[in-house]
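Under our numbering, the letters of the sequence shown match residues 119 to 373, in that order.
Think of the CB as a built atom: it goes at the ideal place given N, C-alpha and C, for glycine as much as any other residue.
Below: one structure, written as structure tokens.
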Amino acid sequence: MTEQGTAQAAPLAGKTAIVTGSSRGIGASTAKILAGEGAAVVINYRQKAPRANKIVAEIEAAGGRAVAVGGDLTNADDVEKLAQAAIDGFGSLDILVLNASGGMESGLGEDYALRLNRDAQVAMLKAAVQRMKPGSRVVFVTSHQAHFIDSVPTMDAYEPVARSKHAGELALRELLPWLEEKGITFVVVSGDMIEGTITATLLERAAPGAIESRREAAGKLYSVDEFAAEVAKMVTAEVPSGHTELVGGAEHFTG
């Protein structure tokens with residue numbers, strides 16, 4: 119294979135990525151795609167170590183490099199540990215995919231959605247940036263329901279999560295001048311409800327028929343793998359810092 123062909127096959131060779139919330143769903147699929155493009159990947163999980171280790175094993179079996187690191191993103195020490203794991207394990211930190219989110223889980227406190235979807239995102243970005251070099255990229259994953267919440271109402275069961283994720287996006291965007299000074303670009307990927315995610319499952323439980331209704335309105339809902347491919351594309355896409363990539367079904371929100 120020519121040198122150019124090798125570069126095309128492994129565009130992320132020599133790079134290290136952290137993907138938060140990557141033991142399952144969109145995060146896991148994104149991590150596997152990035153690993154397939156040559157990146158070493160830090161798989162982050164909150165509780166389910168066996169599930170995270172399975173993703174690592176799949177990546178390694180395919181010839182990639184990965185490590186699983188447990189950590190609750192609402193815990194400052196865990197955030198630092200996660201960011202440092204990229205340096206200790208692979209020597210650099212070049213890509214941060216802020217995929218982890220939540221807020222519909224029970225028993226984690228009334229303010230959990232805001233602590234995870236806003237405060238933890240900012241803390242994770244700041245910890246990562248201290249270890250990133252110019253040319254690095256941060257990708258924040260959100261939903262149309264959150265991105266457009268100020269102009270398009272969402273389902274009652276999802277509104278607290280949507281508002282907290284919107285607050286997270288705004289807080290991250292406030293850091294754009296700081297990121298620009300450091301030569302680090304920031305991109306938002308916004309998608310419709312995604313088939314097969316834990317959020318969709320919890321939403322359907324809280325509001326039966328919600329997913330089918332959204333599917334009919336959008337015409338199609340992306341699968342986990344389809345959406346993850348779009349997230350992974352934004353890691354290397356030539357777009358300006360601050361760009362928002364709208365994936366699927368956005369006409370309902372922008373029209």
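* **Thr272 beta carbon near the ligand HEM (any heavy atom closer than 8 Å)** => With respect to the ligand HEM, the structure shown offers nothing to examine, as it has no ligands at all.
* **Separation of Ala128 from Gly156, as counted between CA atoms** => 5 Å
* Per DSSP, Tyr163 forms a beta bridge with which residues? -> Gly188
* To do: Return helix, strand or coil for Leu216, following the three-state DSSP convention.
  => strand
* Asked: Looking only at C-alpha atoms, which of Ala170, Thr362, Val174 sits nearest to Arg291?
  -> Thr362
* From Thr354, Ala241, Tyr230, residue whose alpha carbon lies closest to that of Pro278 -> When only C-alpha atoms are compared, the closest one is Tyr230.
* To do: Could you tell me which of Leu211, Phe266, Pro252, Gly220 sits nearest to Ala246, measuring between CA atoms?
  => Selected option, being the one with the closest Cα: Leu211.
* Round the Cβ separation of Val187 and Lys199 to the nearest angstrom and send it over; I've been treating them as touching at under 8 Å. => 7 Å
* To do: Go through its chain and collect everything with a Cβ distance to Gln122's Cβ below 7 Å, but skip five positions before and after it.
  => Caution applies to Gln122, whose pLDDT of 44 falls short of 50 and renders its modelled position unreliable; the value that the coordinates give is listed next. Once the five neighbours on either side are set aside, Gln122 has no close Cβ partner at all.
* To do: Would you list the one or two residues that DSSP bridges to Gly156?
  => Answer is none; Gly156 lacks a bridge partner.
* **Ser359: first and last residue of the uninterrupted alpha helix (DSSP H) it sits in** => Element bounds for Ser359: n/a, residue is neither H nor E.
* Is there contact here, the stretch 235-252 with the stretch 165-176, by at least three beta-carbon pairs under 8 Å? -> no
* **Complete beta strand (DSSP E) runs within the stretch 234-279 (minimum length 3 residues, chain order)** => Counting only runs of 3 or more, we get 255-261.
* Asked: For the stretch 172-183 against the stretch 192-206, are there 3 or more C-beta pairs whose distance is under 8 Å?
  -> no
* **Limits of the unbroken alpha helix (DSSP H) element including Ile302** => In the DSSP annotation of this structure, Ile302 is not part of any alpha helix (DSSP H), being labelled neither H nor E.
* Provide the residue span of the alpha helix (DSSP H) that contains Thr372, from first to last. => 369-372
* Neighbour-count burial assignment, Ser147, 16 or more Cβ in a 10 Å radius -> buried
* Delimiting residues of the beta strand (DSSP E) encompassing Ala428 -> Here the chain comprises residues numbered 119 to 373, so residue 428 is not present and cannot be evaluated.
* Beta carbon of Ser282, beta carbon of Val365: below 9 Å? -> no
* Compute the Euclidean distance between the alpha carbons of Ala355 and Ile329, then round it to the nearest angstrom. => 30 Å
* Asked: Measuring CA to CA, which of Asp343, Ser219, Tyr276 is closest to Ile151?
  -> Asp343
* Less than 9 Å separating the beta-carbons of Ile213 and Val353? -> yes
* Asked: When the Cα atoms are used, what is the spatial distance from Gly189 to Ala135?
  -> Gly189 and Ala135: Cα-Cα distance of roughly 16 Å.
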